[in-house]
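Participant: Just so we're aligned: the sequence shown equals residues 82 to 455 in our numbering. The beta carbon of each residue, even a glycine, is placed where N, CA and C say it ideally should be. All values reported here derive from a predicted model rather than from experimental measurement. Take a look at the following structure, please.
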Amino acid sequence: MAVTEKQVLDALATVADPDRGADIVSLGMISGIAIRDGNVAFSIEVEPHRADRLEPLRKAAAAAVDAVEGVLSVTAVLTAQAPSQARAAPARRPAAAAPQAGPRPQRGAIPGVGAIVAVASGKGGVGKSTIAANLALGLKANGLSVGVLDADIYGPSMPRMLGISGRPRSTDGKRLQPMENFGLKVMSMGFLVPEDTPMIWRGPMVMSALQQMLREVEWGALDIMVVDLPPGTGDAQLTMAQQVPLAGAVIVSTPQDIALLDARKGLNMFRRVDVPVLGIIENMSYFLCPHCGGRSEIFAHGGARREADRLGTEFLGEVPLDLAIRETSDAGRPITVSDPDNPYAAVFRTIAARVWDKVATGGALRPPPRIVIE
Ligand code: ADP
């Protein structure tokens, strides 16, 4: 039998807030319940000053829901909203996009910022950041104003890939100016913390860092913001999905089956929290020998296209394994900007045009409606 929102709320109503005595449902702390096929996700909203000592509460809430019959997995996150954000009118998406009735996640728009698109991968090392940087530059080359938020706070790579160093400044002592290069506005934890500082952060801290990089930065007017998510399906991804009005997510995968399995997990996570998946990009798709021009399909090319078909999402394009792509990104001058006549720069511009088209026309594929037979 399908798990219902009522069952989830009933389970959560058995959990008390340790500071206030009453249960977390009647205190109005639960938001963003999403239930898909026995996978349950929800947020517990707490005041920022309590966020980092309420991990036991989060665990207790997750355990209570986990015990409900039919529940396969539980993702519970603590979200701490600063008072000014809590007051801001949340940007609602059309009612048709809502997966469930009941409490909705607070998806506060960022003033001046048009569409926000996340670039995600199921695991690290598949070239997600390389694709994110070149996608942002492709969007810019297509005439859009573009921001890049490096949400990979454990391993930020945008400062290096976009050739930016130094520290962001603040003109009013409250909000930071984004850094800029190649006409992109960029914010990354890499600008704020020295590279060799070990980042051992717990969930609530990750979320508050992301919130600050989103909302306490003078992004100005942007057509689109590209968000480089950390690999995997953890707190950062869920926070972005729940706290930000994401227009959609792009999944980067290599063709190997194992990477595709990870991509599938990423895709399912976005669907669970009602973020449209714009499509899949296959990276390191094939290798063209620079000497003989021969094409080698090192990782069984084409897996992502088949997988996209199977999962009912779009295959956005394939990017080859290429020395110039690696050298230029690692040197802080991605190929899309440093060698715009290169055919692979054209590949990125084409992918960028497709992504923008989907975002601008609202053509993002949503998960099919769920039919529940009781
Ligand atoms: P991720 O963000 O998934 O961890 P990165 O974007 O940091 O991965 O890429 C990992 C390494 O692979 C980098 O050195 C990058 O330059 C290289 N790389 C990524 N995509 C390609 C490609 N298509 N061809 C060659 N090298 C690539």
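Evaluate contact between the stretch 252 to 262 and the stretch 298 to 309, counting only Cβ atoms and requiring at least three cross-stretch pairs below 8 Å.
Facilitator: yes
Participant: By the three-class DSSP mapping on this structure, what secondary structure does R376 have?
Facilitator: Here residue 376 refers to the residue found at position 295 when the sequence shown is read from its first residue. If DSSP states are grouped into helix, strand and coil, R376 belongs with the strands.
Participant: With a 10 Å radius around its C-beta and 16 neighbouring C-beta atoms as the bar for buried, classify G384 as buried or exposed.
Facilitator: Taking the first residue of the sequence shown as position 1, residue 384 is located at position 303. The Cβ neighbour count for G384, taken over all protein chains shown within 10 Å, is at least 16; the residue is labelled buried.
Participant: Could you give the DSSP three-state label for S334: helix, strand or coil?
Facilitator: Here residue 334 refers to the residue found at position 253 of the sequence shown. Of the three classes helix, strand and coil, the one that applies to S334 here is strand, per DSSP.
Participant: Output the distance between the C-alpha atoms of K221 and A92, rounded to the nearest integer angstrom.
Facilitator: Counting from 1 along the sequence shown, the entry for residue 221 is found at position 140. Counting from 1 along the sequence shown, the entry for residue 92 is found at position 11. Each residue's Cα considered, the two are about 48 Å apart.
Participant: On a Cα-Cα basis, can you pick out the residue from S419, T442 and D403 that is closest to G218?
Facilitator: Sequence index remark: in the sequence shown, residue 218 carries index 137 (1-based). A small correction: the amino acid at residue 218 is Leu; Gly does not occupy that position in the sequence shown. Residue S419 holds the alpha-carbon nearest to the alpha-carbon of L218 among S419, T442 and D403.
Participant: Which residues mark the beginning and the end of the beta strand (DSSP E) in which D390 is found?
Facilitator: Walking along the sequence shown from the start, residue 390 turns up at place 309. First-last for D390: G384 to L392, but that is the alpha helix (DSSP H), not the beta strand (DSSP E).
Participant: Near S366, which residues of its chain fall below 7 Å by C-beta distance, leaving aside the five closest residues on each side in sequence?
Facilitator: Here residue 366 refers to the residue found at position 285 of the sequence shown. These residues qualify, in order along the chain: P336, H382, E399, V400 and P401.
Participant: Which residues bound the beta strand (DSSP E) around D309?
Facilitator: Sequence index remark: in the sequence shown, residue 309 carries index 228 (1-based). It spans L303 to D309 - the beta strand (DSSP E) in which D309 sits, taken as one unbroken run.
Participant: Give the single residue among R117, V84, A232 and R376 whose Cα lies nearest to the Cα of L348.
Facilitator: As a position in the sequence shown, residue 348 is number 267, starting the count at 1. Checked all of R117, V84, A232 and R376; the closest Cα to L348 is R117.
Participant: As a quick exercise: from T252, V227, P357 and N223, pick the residue whose alpha carbon is nearest that of P421.
Facilitator: The residue you call residue 421 lines up with position 340 of the sequence shown. It is N223.
Participant: Between the stretch 191 to 204 and the stretch 138 to 158, do at least 3 Cβ pairs fall closer than 8 Å?
Facilitator: no
Participant: Provide the residue span of the beta strand (DSSP E) that contains N223, from first to last.
Facilitator: Counted from its first residue, the sequence shown places residue 223 at position 142. Run containing N223: none; DSSP gives neither H nor E here.
Participant: Using the Cβ count rule (16 or more neighbours within 10 Å means buried), how would you classify K87?
Facilitator: Reading the sequence shown from its first residue, position 6 is the one you call residue 87. Classification for K87: exposed.
Participant: Per DSSP, what kind of secondary structure is F263 in: helix, strand or coil?
Facilitator: Taking the first residue of the sequence shown as 1, we reach residue 263 at position 182. Looking at F263 - three-state DSSP - the assignment turns out to be coil, as it is neither helix nor strand.
Participant: Taking 6 Å as the cut-off, is the CB of G315 close to at least one heavy atom of the ligand ADP?
Facilitator: Position 234 of the sequence shown holds residue 315. For the ligand ADP, not one heavy atom lies less than 6 Å from the Cβ of G315.
Participant: How far does the alpha helix (DSSP H) with G271 in it reach, from first residue to last?
Facilitator: In the sequence shown, residue 271 corresponds to position 190, counting from 1. First-last of the alpha helix (DSSP H) with G271: M270 to L273.
Participant: Put N349 into one of helix, strand or coil per three-state DSSP.
Facilitator: Translated into the one-based positions of the sequence shown, residue 349 becomes position 268. The answer is helix: DSSP assigns N349 an H, G or I state.
Participant: Residue range of the beta strand (DSSP E) that A122 falls in?
Facilitator: Reading the sequence shown from its first residue, position 41 is the one you call residue 122. Taken as a continuous stretch (DSSP letters only), the beta strand (DSSP E) holding A122 covers N120 to V127.
Participant: Could you give the DSSP three-state label for M365: helix, strand or coil?
Facilitator: As a first step, residue 365 is located in the sequence shown; it is residue number 284 there, counting from the start. In this structure, M365 counts as strand in the three-state DSSP scheme.
Participant: Between P237 and the rest of its own chain, which residues show a CB-CB distance below 6 Å, the 5 nearest in sequence each way excluded?
Facilitator: On the sequence shown, residue 237 is found 156 positions in, with the first residue counted as 1. The answer, listed in chain order, is D231, S269, M270 and G271.
Participant: Considering only residues of the same chain and omitting the five flanking positions on each side of I245, which have a CB-CB separation below 7 Å?
Facilitator: Taking the sequence shown and counting its residues from 1, the one referred to as residue 245 is at position 164. Excluding residues up to 5 positions away in sequence, M260, N262 and V267 lie with their Cβ nearer than 7 Å to the Cβ of I245 in the same chain.
Participant: Looking only at C-alpha atoms, which of V84, L216 and I361 sits nearest to G228?
Facilitator: The sequence position of residue 228 within the sequence shown is 147, counting from 1. Minimum Cα distance to G228 is reached at L216.
Participant: M306: which of G313, V274, A328 and N120 sits nearest, CA to CA?
Facilitator: Position 225 of the sequence shown, counting from 1, holds the residue named residue 306. The residue with the shortest Cα to Cα distance from M306 is A328.
Participant: How far does the beta strand (DSSP E) with P401 in it extend, from its first residue to its last?
Facilitator: Position 320 of the sequence shown holds residue 401. F396 to L402 is the extent of the beta strand (DSSP E) around P401.
Participant: Hey, would you say F429 sits closer than 7 Å to T417, going by beta carbons?
Facilitator: To locate residue 429, count along the sequence shown from 1; it is residue 348. To locate residue 417, count along the sequence shown from 1; it is residue 336. It is a contact, given that the beta carbons lie within the stated cut-off.
Participant: Just checking K346 against the ligand ADP - is the residue's beta carbon closer than 6 Å to any of the ligand's heavy atoms?
Facilitator: Taking the first residue of the sequence shown as 1, we reach residue 346 at position 265. Checking every heavy atom of the ligand ADP against the Cβ of K346, none is found closer than 6 Å.
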